[in-house]
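K.L.:
Right, I'll just put the structure down here and ask away after.
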Amino acid sequence: MVSLRRPALHGKARVVITGRREETLKAASRSHPVMDYLVADAGNPADAERTIATVVSRWGRLDVLVNNAGAGAILPLSQASSEQITEIFAVNVVGPSPLATAALPHLKESVGTIINVSSTFGHKAAALLALCSEQGSAGTHDAVLGT
2 MVSLRRPALH GKARVVITGR REETLKAASR SHPVMDYLVA DAGNPADAER
52 TIATVVSRWG RLDVLVNNAG AGAILPLSQA SSEQITEIFA VNVVGPSPLA
102 TAALPHLKES VGTIINVSST FGHKAAALLA LCSEQGSAGT HDAVLGT
């Protein structure tokens with residue numbers, strides 16, 4: 002989740018957060034008048050285009066894309082199913098690319114930027130976290146800012 006205790010958010014910036022759980026998104030956006038939300042799955046490429054199109058439609062521009070979502074499973078690798086591994090890679094490794102592709106024309110227009118955030122588990126090993134370790138290669142969308 003993006004921290005909204007930043008001075009920029011008290012000015013003209015608008016923040017749109019995304020996630021799969023609407024109730025969590027609603028609760029987060031309620032206390033911040035500059036925050037909006039979209040239900041979207043970072044592992045679903047169709048949601049990437051819809052997210053960017055909706056932000057540009059609502060706010061008229063896109064200035065910053067923050068790729069921050071991540072997925073993982075706390076269990077021994079020997080117990081991980083192919084489906085779990087595929088879902089984790091869809092969010093952590095593949096997810097940022099369709100979002101960035103959809104965002105690039107708008108970011109070029111606004112001279113905006115992409116910020117990629119990753120997990121520290123990509124840089125350190127720990128028991129039962131084998132399926133979190135690939136997060137170091139990329140994050141996925143969590144916030145889209147427009148003014």
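According to our numbering, the sequence shown is numbered sequentially starting from 2. All residues carry an ideal CB built from backbone N, CA and C; glycine is no exception.
Helix, strand or coil, according to DSSP, for T141 in the structure here?
P.N.:
Residue confidence for T141 is low, a pLDDT of 35 falling below 50, so the modelled location carries little weight; the figure read from the coordinates is stated next. Strand at T141.
K.L.:
For A103, does the count of other Cβ atoms within 10 angstroms reach 16, so buried, or fall short, so exposed?
P.N.:
Buried, because 16 or more other Cβ atoms sit within 10 Å of the Cβ of A103.
K.L.:
Along the chain, where does the beta strand (DSSP E) that runs through D48 open and close?
P.N.:
Not the beta strand (DSSP E): D48 falls in the alpha helix (DSSP H), residues 46 to 60.
K.L.:
Looking only at C-alpha atoms, which of E110, H107, S98 sits nearest to I48?
P.N.:
The residue you asked about is not Ile; residue 48 is Asp in the sequence shown. It is S98.
K.L.:
If you draw a straight line from the C-alpha of P8 to the C-alpha of A14, how long is it?
P.N.:
The predicted model places P8 with a pLDDT of 46, which falls under 50 and marks its position as unreliable, so this point remains unresolved.
K.L.:
Alpha carbon to alpha carbon, how far is I18 from V112? Give it in angstroms, no decimals.
P.N.:
One C-alpha to the other measures close to 21 Å.
K.L.:
For L26, count neighbouring C-beta atoms within 10 Å of its own C-beta (all shown protein chains included) and say buried if the count is 16 or more, exposed if not.
P.N.:
The residue in question, L26, is buried, as its Cβ has 16 or more Cβ neighbours within 10 Å.
K.L.:
Per DSSP, which one or two residues make a beta bridge with L39?
P.N.:
Its beta-bridge partners are T19.
K.L.:
Would you give the residue range spanned by the beta strand (DSSP E) that A70 belongs to?
P.N.:
A70 -> beta strand (DSSP E) spans 65 to 70.
K.L.:
Check I116 in the structure and name its three-state DSSP category.
P.N.:
Reduced to three states, the DSSP call for I116 is strand.
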